[in-house]
Amino acid sequence: MTLLQDEDLARMLDETAETYEVPAYPPARGRSGTTRRPAQRKWRPALGVAAAAVVVSFLVAAVSQGGGGASEATSAGASSPSSAASRSDAPESGGAGADFQTESGQLPLVGAAAPSSAPNPADQGRVVKTGTVALIAKSGAVTPTLDSVGRVAREQGGSVFATQTQESGDTPSGTITVRVPVAQFDALVSAVRGLAEVRSVQTSGREVTAEYADLETRIASATAARNRLTTILGAAVSVAEVLAVQQQIDQTSATVDQLTGQLKVLKDQSDLSTLTVAVTETGDPAITRAQGRSGFGAAFRDAVDGFSSGLQSLVAASGRALLVLLCLAALGLVAAGVWKVGRRRLV
Amino acid sequence: MTDAELDHWLAEQWPRAYRTACLVLRDRHGAQDAVQEAFLRVWRFRDTIPAEAGRQGWLYRVVVNACVSRIRSERSRTGQNTSDVLLALRKDEQPGPEKQAQDSALTGDVLAALADLPEPLRVPLVLRFYAGLSEQEIAVAIERRPGTVKSRLHDARNRLSADPRLLAWVTPMEASS
Numbered sequence: 000m001t002l003l004q005d006e007d008l009a010r011m012l013d014e015t016a017e018t019y020e021v022p023a024y025p026p027a028r029g030r031s032g033t034t035r036r037p038a039q040r041k042w043r044p045a046l047g048v049a050a051a052a053v054v055v056s057f058l059v060a061a062v063s064q065g066g067g068g069a070s071e072a073t074s075a076g077a078s079s080p081s082s083a084a085s086r087s088d089a090p091e092s093g094g095a096g097a098d099f100q101t102e103s104g105q106l107p108l109v110g111a112a113a114p115s116s117a118p119n120p121a122d123q124g125r126v127v128k129t130g131t132v133a134l135i136a137k138s139g140a141v142t143p144t145l146d147s148v149g150r151v152a153r154e155q156g157g158s159v160f161a162t163q164t165q166e167s168g169d170t171p172s173g174t175i176t177v178r179v180p181v182a183q184f185d186a187l188v189s190a191v192r193g194l195a196e197v198r199s200v201q202t203s204g205r206e207v208t209a210e211y212a213d214l215e216t217r218i219a220s221a222t223a224a225r226n227r228l229t230t231i232l233g234a235a236v237s238v239a240e241v242l243a244v245q246q247q248i249d250q251t252s253a254t255v256d257q258l259t260g261q262l263k264v265l266k267d268q269s270d271l272s273t274l275t276v277a278v279t280e281t282g283d284p285a286i287t288r289a290q291g292r293s294g295f296g297a298a299f300r301d302a303v304d305g306f307s308s309g310l311q312s313l314v315a316a317s318g319r320a321l322l323v324l325l326c327l328a329a330l331g332l333v334a335a336g337v338w339k340v341g342r343r344r345l346v
Numbered sequence: 000m001t002d003a004e005l006d007h008w009l010a011e012q013w014p015r016a017y018r019t020a021c022l023v024l025r026d027r028h029g030a031q032d033a034v035q036e037a038f039l040r041v042w043r044f045r046d047t048i049p050a051e052a053g054r055q056g057w058l059y060r061v062v063v064n065a066c067v068s069r070i071r072s073e074r075s076r077t078g079q080n081t082s083d084v085l086l087a088l089r090k091d092e093q094p095g096p097e098k099q100a101q102d103s104a105l106t107g108d109v110l111a112a113l114a115d116l117p118e119p120l121r122v123p124l125v126l127r128f129y130a131g132l133s134e135q136e137i138a139v140a141i142e143r144r145p146g147t148v149k150s151r152l153h154d155a156r157n158r159l160s161a162d163p164r165l166l167a168w169v170t171p172m173e174a175s176s
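Now the structure itself:
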């Protein structure tokens, strides 16, 4: 068999490799797409690294301070309390960004139109409402009562979020969690109270308008910062710049994702209130014990319970008492021994 | 090595590293991603770059690892074995009729022969006869002993020598010898 020589192999691979056109170095890349370095750009590593360091440092400061110069400028007209608070808390650092220019002569950080931080009118008055209602249904009426709660919730524009029923002996019970628009929460509670005997009602409300608006502002600022970083990434001319800017983009994206998640949860909670209704039957022993204790029968039962619990306490305490007695006996024996020895010596 | 020196060195290595990855993967986009990822990794761990002697092998180890990772992730994603993946990649790389006419038939034969080589043989072959690494450097690059490298190169050469598509491109004088 004829063996291929080194020269043959090298020539074949060289010719094959030549068919692959080499892309420009370094390949700047962005998360949202691929951007290539313009061909006319010259190699300026030192200047590029320094510029990237300045840009990245400024953007980190801007993002960490809740948007920096750009968001400060746009939040000037905001009327929400949170925006005013963030404006007053922000240091006077806008000048640093205003003085910075990129290599292309643009001013990426000044005049960048960040979304307005003023809260949407629809977002005003956001309240998270939750509540718990315990009902006592008549015998055999647990399931119909749960169904009625679900029906009432649907009539109020809501839906059933979860249901749970259980049967312990002859006393079934169940729980249903429904969600309705916040505006319908009070009407829902009133309607549920009318479905059966009410054992307890607990409701709570929390104003989250400021928190919601603050999250929106921070998301807008972080998104604007990420967009500016992406623009800067397209102008990166070295691996150092690409790496530094890409890391900042990743961090900013993580911040945006985290804040967006929080906003989503808050929006969901403030759009729909949650009411949990627990339904038990009249014959439930726990309820029976708690209800209608009167007369000699109740007094006798109380007496028996008292006797029983007192006896239990005595039995429980006897263990400690026995231990104390044993200790005292041991001490007494030791003392007696010492006394005897001492007495012999004296004698 | 300063950052500027490292950047300059990487810029010098870029074309050959890219084409090495192309020969290993035979997918120009995948190769670009792999080498780009490898270079970023080199930059990130620049404090661990060895001295002058072992630097080349170390760089290609990162490049080879990036290529192999790409092949494996593609294989796990598609459920195909390596050869299938590479053949599929090669199909994606098929140029149009006009480009095909311009391309040398040698290229097609070499790529086809490389596609038939298993990855453990193909990588040392490309590193030796295209990237120009020594057996010692290849051993560093693929994290195997030099003896293993020598053995794999021998196997790869034997397999390619048995490939009639490549023998047709050997000069008659060499073939007769």
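Residue numbers (numbering that gives the first Met the number 0), protein chains in the order written: chain A, 0 to 346; chain B, 0 to 176.
For each residue, glycine too, the CB sits at the ideal point set by N, CA and C.
None of these values were measured; they are calculated from a predicted model.
Residue i at chain B interface by Cβ criterion, 9 Å
i         : result
GLN245(A) : yes
ASP5(A)   : yes
THR129(A) : no
LYS41(A)  : Only weak support exists for where LYS41(A) lies, its pLDDT of 39 falling under 50; the coordinates are left without a value.
Collapsed DSSP secondary structure at residue i in the structure displayed
i         : result
ILE48(B)  : coil
LEU145(A) : helix
ALA167(B) : coil
LEU194(A) : coil
GLU142(B) : coil
GLY204(A) : strand
LEU313(A) : helix
ALA161(A) : strand
TYR19(A)  : coil
SER237(A) : coil
PRO14(B)  : helix
Chain A within 9 Å of residue i, Cβ atoms only
i         : result
SER150(B) : no
SER68(B)  : no
ARG27(B)  : yes
SER133(B) : no
THR106(B) : yes
ALA140(B) : no
LEU58(B)  : no
THR19(B)  : yes
SER160(B) : yes
SER75(B)  : no
Cross-chain neighbours of residue i in chain A, by beta carbon under 7 Å
i        : result
PRO14(B) : VAL21
Chain-ordered chain A contacts of residue i [CB-CB under 8 Å]
i         : result
LEU226(B) : No information on residue 226(B) is available, as it lies outside the stretch 0 to 176 that chain B covers here.
ARG156(B) : LEU2, LEU3, LEU8
TRP168(B) : ASP7, MET11
Contacts that residue i makes with chain B (C-beta to C-beta distance below 8 Å)
i         : result
ASP13(A)  : TYR129
ALA239(A) : ASP2, ASP6, TRP42
TYR24(A)  : LEU9, ALA10, TRP13, PRO14
Extent of the continuous alpha helix (DSSP H) to which residue i belongs
i         : result
GLY130(A) : Not the alpha helix (DSSP H): GLY130(A) falls in the beta strand (DSSP E), residues 126 to 136.
SER272(A) : Premise fails: SER272(A) lies in the beta strand (DSSP E), 271 to 280, not in any alpha helix (DSSP H).
VAL122(B) : 118 to 128
LEU113(B) : 104 to 115
First and last residue of the uninterrupted beta strand (DSSP E) at residue i
i         : result
ARG25(B)  : Segment: none, ARG25(B) is in no beta strand (DSSP E) and carries neither H nor E.
GLY131(B) : First-last for GLY131(B): undefined, no H or E at that position.
THR170(A) : 170 to 180
Residue i: CB within 8 Å of a non-hydrogen atom of the ligand SAM
i       : result
TRP8(B) : Of the ligands one can find in the structure shown there are none, so the ligand SAM has no counterpart to examine.
Listed by chain order, chain B residues near residue i by CB distance under 9 Å
i         : result
LEU242(A) : LEU39, TRP42, ARG43
When you check each C-beta in the stretch 257 to 284 of chain A against every C-beta of chain B, which residues fall closer than 9 Å? Nothing from the stretch 257 to 284 of chain A brings a Cβ to less than 9 Å from some Cβ of chain B.
What are the residues of the stretch 110 to 129 of chain B that lie near chain A, defined by any Cβ-Cβ distance shorter than 9 Å? LEU110, ALA112, LEU113, LEU124, VAL125, ARG127, PHE128, TYR129
Closer than 7 Å between beta carbons: that is the criterion. Which residues of the stretch 219 to 231 of chain A meet it against chain B? none
Residues, ordered as in the chain, of the stretch 30 to 44 of chain B that lie near chain A by beta-carbon distance below 8 Å: Here the close residues are ALA30, GLN31, GLN35, PHE38, LEU39, TRP42, ARG43.
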